[in-house]
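Colleague: Per the UniProt record's numbering, the sequence shown runs over residues 1 to 402.
Where a beta carbon is used, it is the ideal one built from N, C-alpha and C, also for glycine.
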Amino acid sequence: MSFCNFERKHFLIYEKMSSKNSFRLGVNCVMAKMAASMVESGEDVFRKMFKFYKRRDPPPDLRGVIDFSGELPKDKVTPAHLDAAAVSDEEAARVGLQPVREWRAFSLQGFPGFIFISNPFLRGSQPFWVRQCLKIYPQKPNVCNLDLHMSPCDTQDLWAKSAPVLRSPSSGKNQPKTLLEKLHWVTLGYHYNWDSKTYSADNHTPFPADLHSLSVQVASACGFPGFRSEAAILNYYRPDSSLGIHVDESELDHTRPLLSFSFGQSAIFLLGGTRRQDPPTAMLVHSGDVMVMSGQSRLLYHAVPRILPTPRGHAALLEDLCPASPQEVGGMLEPVSEEDWMACSAYIQKSRVNMTVRQVLGAGQSFPEAPPPSVTRTEISGYHDGESGKRKRSGSDSTNET
Ligand SMILES: O=C(O)CCC(=O)C(=O)O
Ligand SMILES: [Fe+2]
1 MSFCNFERKH FLIYEKMSSK NSFRLGVNCV MAKMAASMVE SGEDVFRKMF KFYKRRDPPP
61 DLRGVIDFSG ELPKDKVTPA HLDAAAVSDE EAARVGLQPV REWRAFSLQG FPGFIFISNP
121 FLRGSQPFWV RQCLKIYPQK PNVCNLDLHM SPCDTQDLWA KSAPVLRSPS SGKNQPKTLL
181 EKLHWVTLGY HYNWDSKTYS ADNHTPFPAD LHSLSVQVAS ACGFPGFRSE AAILNYYRPD
241 SSLGIHVDES ELDHTRPLLS FSFGQSAIFL LGGTRRQDPP TAMLVHSGDV MVMSGQSRLL
301 YHAVPRILPT PRGHAALLED LCPASPQEVG GMLEPVSEED WMACSAYIQK SRVNMTVRQV
361 LGAGQSFPEA PPPSVTRTEI SGYHDGESGK RKRSGSDSTN ET
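(1) For a test of the three-state rule: what should DSSP assign to residue 222, helix, strand or coil?
(2) Decide if residue 255 is buried, meaning its Cβ has at least 16 other Cβ atoms within 10 Å, or exposed.
(3) With DSSP run on the structure shown, which of helix, strand or coil describes residue 261?
(4) Per DSSP, which residues does residue 150 bridge with? Please list them.
(5) Just to confirm, are residue 107 and residue 117 a CB contact at a threshold of 8 Å?
(6) Nearest-angstrom Cα distance between residue 109 and residue 80?
(7) For residue 115, is the beta carbon positioned less than 7 Å from some heavy atom of ligand 1?
(8) According to DSSP, is residue 105 part of a helix, a strand, or is it coil?
(9) Can you find a heavy atom of ligand 2 that lies under 7 Å from the Cβ of residue 289?
(10) CB residue 83 to CB residue 196, shorter than 8 Å?
(11) Which two residues bound the contiguous alpha helix (DSSP H) that contains residue 162?
(12) In whole angstroms, what separates the C-alpha of residue 366 from that of residue 202?
(13) Return the CA-CA distance between residue 246 and residue 303, expressed in angstroms with no decimal places.
(14) Under 7 Å from any heavy atom of ligand 1, does the C-beta of residue 307 make it?
(15) Once you ignore the five residues that flank residue 101 on each side, which residues in its own chain have a CB closer than 8 Å to its CB?
(16) Do you know how far the Cα of residue 194 is from the Cα of residue 369?
(17) If you measure from the CB of residue 248, is any heavy atom of ligand 1 nearer than 7 Å?
(18) The beta strand (DSSP E) spanning residue 352 covers which residue range?
(19) With DSSP collapsed to three states, give me the class of residue 212.
(20) Compare the Cα-Cα distances from residue 239 to each of 208, 148 and 308 and report the closest residue.
(21) Can you have a look at residue 184 and say buried or exposed, based on whether 16 or more other CB atoms are within 10 angstroms of its CB?
(22) With DSSP as the reference, label residue 185 as helix, strand or coil.
(23) Under 8 Å by Cβ, that's how I've got residue 356 and residue 259 pegged, so tell me the actual separation to the nearest angstrom.
(24) Measuring from the CB of residue 356, is there a heavy atom of ligand 2 at a distance below 7 Å?
(25) Whole angstroms are fine: how far does the CA of residue 191 sit from the CA of residue 200?
(26) Within the present structure, is the beta-carbon of residue 81 separated from the nearest heavy atom of ligand 2 by less than 7 Å?
(27) Within a Cβ cutoff of 6 Å, which residues of the same chain sit near residue 291, ignoring the five residues on either side of it in sequence?
(28) Cutting at 6 Å between CB atoms, please list the residues of its own chain near residue 281, excluding the five before and the five after it.
(29) Quickly, what does DSSP pair residue 255 with across the bridge? List them, please.
(30) Determine the burial state of residue 380: buried for a count of at least 16 other Cβ atoms within 10 Å of its Cβ, exposed for fewer.
(31) Return yes when at least one heavy atom of ligand 1 lies under 7 Å from the C-beta of residue 216, else no.
(32) Return yes when at least one heavy atom of ligand 2 lies under 7 Å from the C-beta of residue 184, else no.
(33) Would you tell me roughly how many angstroms separate the C-alpha atoms of residue 352 and residue 128, rounded to the nearest one?
(34) Is the region 219-235 close to the region 170-177, with three or more CB pairs under 8 Å?
(35) Under a Cβ-count criterion, where at least 16 other Cβ atoms within 10 Å of its own Cβ denotes burial, should residue 174 be classed as buried or exposed?
(36) CB of residue 191 to nearest heavy atom of ligand 2: below 7 Å?
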């Protein structure tokens, strides 16, 4: 894998960060002081941190960022106890997951209900999910940002139009972007309305059975049996993309968890508090990582200020992304053809895809007749510009277009 100068700089910092002699404690101390002084001056701490990690020149110091796949700060990270009996090994394998007892799952001090599962996928199973995100889920009747300014026949098959270009050896070199590279989001199930910040009964298409099954297994293992995947937002990130500070509160039942699945390049994820003044915790999310936001952490501010190239120490992770043979992949996971994988791997060598799956309605709940007058996602999160199809600033938030 070759890196441009910018990426190389990040590798250097990252390598330093993951070295055994990390001075993480010292850095955390500096961060705490920075946060404290911002609180004193009444500034928005989350926004400052967002800008800090988004900065390109000079690149941010990443030593304070928690890496669940590396050395763990024992004062902040503890093992999470999962319900291994809730999911049989066969059920897990059917959706490409390791047996639950093998999962490395963590809790974060001060964030009850937040669970970080460090790549629980079986070797060779991530390509299936990457291919679904790139080839299958963007297809109609699902909705994507390109639908806002292109006709249905032009957005009909993004994959057929983009894959041959992505596969070609000159891919990315001074060529116009493929449609897949212009894809910023896809919605599934109840399609999120970016203008009204609501879901509604009349804007719904069937939720993909395979993604529902994956979500059910993860939710069950995390203590949420009977999870219903009713909506998902898929975010497609290029190297310069970010996702603004927001709270996911448009779902009507906040007792059900948010399930987040990430593939491709790494990212910095910021998890804050219930107020913008609460200093966020920064963590690295790598390909295959799963995050669960539930309980008291369900309605916390969060954001993705930065995409990072997968660090060199994680080369093994990228190797994991080679498609398994049909014999190895069982259950719901159709094998990925070499041809498809060539295009997928070209795409994810630069990009990150995140699927956040949501249960919208509680048991027996239905949508109100008319949407409530002031659903507040814009006020506090407002993370998408419906017109352009781009993620955008929310008020004074430091968010960014992708
Ligand atoms: O990309 C991520 O990790 C976060 C996505 C997210 O927060 C969302 O879609 O609501
Ligand atoms: Fe979110």
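Modeller: With the structure as the only source:
(1) Against the sequence shown, residue 222 aligns to sequence position 222. Note: residue 222 maps to coil in three-state DSSP.
(2) Your numbering for residue 255 matches position 255 in the sequence shown. With fewer than 16 other Cβ atoms within 10 Å, it is exposed.
(3) One-based indexing of the sequence shown puts residue 261 at position 261. Strand, per DSSP.
(4) Here residue 150 refers to the residue found at position 150 of the sequence shown. Residue 150 pairs with nothing; no bridge assigned.
(5) Within the sequence shown, residue 107 is the residue found at index 107, counting from 1. Within the sequence shown, residue 117 is the residue found at index 117, counting from 1. Going by C-beta atoms, residue 107 is not nearer than 8 Å to residue 117.
(6) Locating residue 109 in the sequence shown gives position 109, counting from the first residue. Locating residue 80 in the sequence shown gives position 80, counting from the first residue. Those two C-alpha atoms are separated by around 11 Å.
(7) Here the question's residue 115 lines up with position 115 in the sequence shown. Every heavy atom of ligand 1 is 7 Å or more from the Cβ of residue 115, so no.
(8) Here residue 105 corresponds to residue number 105 of the sequence shown, with the count starting at 1. The answer is strand: DSSP assigns residue 105 an E or B state.
(9) Translated into the one-based positions of the sequence shown, residue 289 becomes position 289. The answer is no for residue 289.
(10) Residue numbering aside, residue 83 sits at position 83 when the sequence shown is read from its first letter. Residue numbering aside, residue 196 sits at position 196 when the sequence shown is read from its first letter. Contact flag unset, no.
(11) Taking the first residue of the sequence shown as position 1, residue 162 is located at position 162. Run containing residue 162: 158-167, per the alpha helix (DSSP H) assignment.
(12) The residue labelled residue 366 in the question sits at position 366 within the sequence shown. The residue labelled residue 202 in the question sits at position 202 within the sequence shown. Spanning the two alpha carbons is a distance of roughly 12 Å.
(13) Translated into the one-based positions of the sequence shown, residue 246 becomes position 246. Translated into the one-based positions of the sequence shown, residue 303 becomes position 303. In a straight line, the C-alpha of residue 246 is about 6 Å away from that of residue 303.
(14) By 1-based counting over the sequence shown, the position of residue 307 is 307. Flag unset: Cβ of residue 307 not near ligand 1.
(15) Taking the first residue of the sequence shown as position 1, residue 101 is located at position 101. Excluding sequence neighbours, residue 101 sits near 84.
(16) Your numbering for residue 369 matches position 369 in the sequence shown. Your numbering for residue 194 matches position 194 in the sequence shown. Between residue 369 and residue 194, the C-alpha separation is close to 19 Å.
(17) Position 248 of the sequence shown, counting from 1, holds the residue named residue 248. Residue 248: yes, Cβ under 7 Å from ligand 1.
(18) Locating residue 352 in the sequence shown gives position 352, counting from the first residue. Counting along the chain, the beta strand (DSSP E) containing residue 352 begins and ends at 352-358.
(19) Numbered from its first residue, the sequence shown carries residue 212 at position 212. Correct three-state label for residue 212: helix.
(20) For the purposes of this step, residue 239 is identified with residue 239 of the sequence shown, where counting begins at 1. Taking only the C-alpha atoms, the option nearest residue 239 is 308.
(21) The residue given as residue 184 occupies position 184 in the sequence shown. Residue 184 is buried by the Cβ-count criterion.
(22) For the purposes of this step, residue 185 is identified with residue 185 of the sequence shown, where counting begins at 1. Residue 185: strand per DSSP, three-state reduction.
(23) Within the sequence shown, residue 356 is the residue found at index 356, counting from 1. Within the sequence shown, residue 259 is the residue found at index 259, counting from 1. The Cβ separation is near 7 Å, so the contact holds.
(24) Along the sequence shown, one-based indexing puts residue 356 at 356. Yes, the Cβ of residue 356 comes within 7 Å of a heavy atom of ligand 2.
(25) Residue mapping note: residue 200 aligns to position 200 of the sequence shown, counting from 1. Residue mapping note: residue 191 aligns to position 191 of the sequence shown, counting from 1. Each residue's Cα considered, the two are about 8 Å apart.
(26) Walking along the sequence shown from the start, residue 81 turns up at place 81. Every heavy atom of ligand 2 is 7 Å or more from the Cβ of residue 81, so no.
(27) Residue 291 sits at position 291 when you count from the first residue of the sequence shown. Counting only Cβ-Cβ distances below 6 Å, and skipping sequence neighbours, we find 116 and 260.
(28) By 1-based counting over the sequence shown, the position of residue 281 is 281. Taken in chain order, the residues that qualify are 271.
(29) Along the sequence shown, one-based indexing puts residue 255 at 255. DSSP, once it has assigned bridges, lists no residue as partnering residue 255.
(30) On the sequence shown, residue 380 is found 380 positions in, with the first residue counted as 1. Low confidence applies to residue 380: its pLDDT is 28, below 50, so where it sits in the model is not reliable enough to give any reading.
(31) Walking along the sequence shown from the start, residue 216 turns up at place 216. No, the Cβ of residue 216 stays beyond 7 Å of every heavy atom of ligand 1.
(32) Taking the sequence shown and counting its residues from 1, one reaches residue 184 at position 184. Incorrect: residue 184 has no Cβ contact closer than 7 Å to ligand 2.
(33) By 1-based counting over the sequence shown, the position of residue 352 is 352. By 1-based counting over the sequence shown, the position of residue 128 is 128. Going from the Cα of residue 352 to the Cα of residue 128 covers about 15 Å.
(34) no
(35) The residue given as residue 174 occupies position 174 in the sequence shown. Counting Cβ neighbours within 10 Å, residue 174 comes out exposed, since fewer than 16 surround it.
(36) On the sequence shown, residue 191 is found 191 positions in, with the first residue counted as 1. No - ligand 2 has no heavy atom lying nearer than 7 Å to the Cβ of residue 191.
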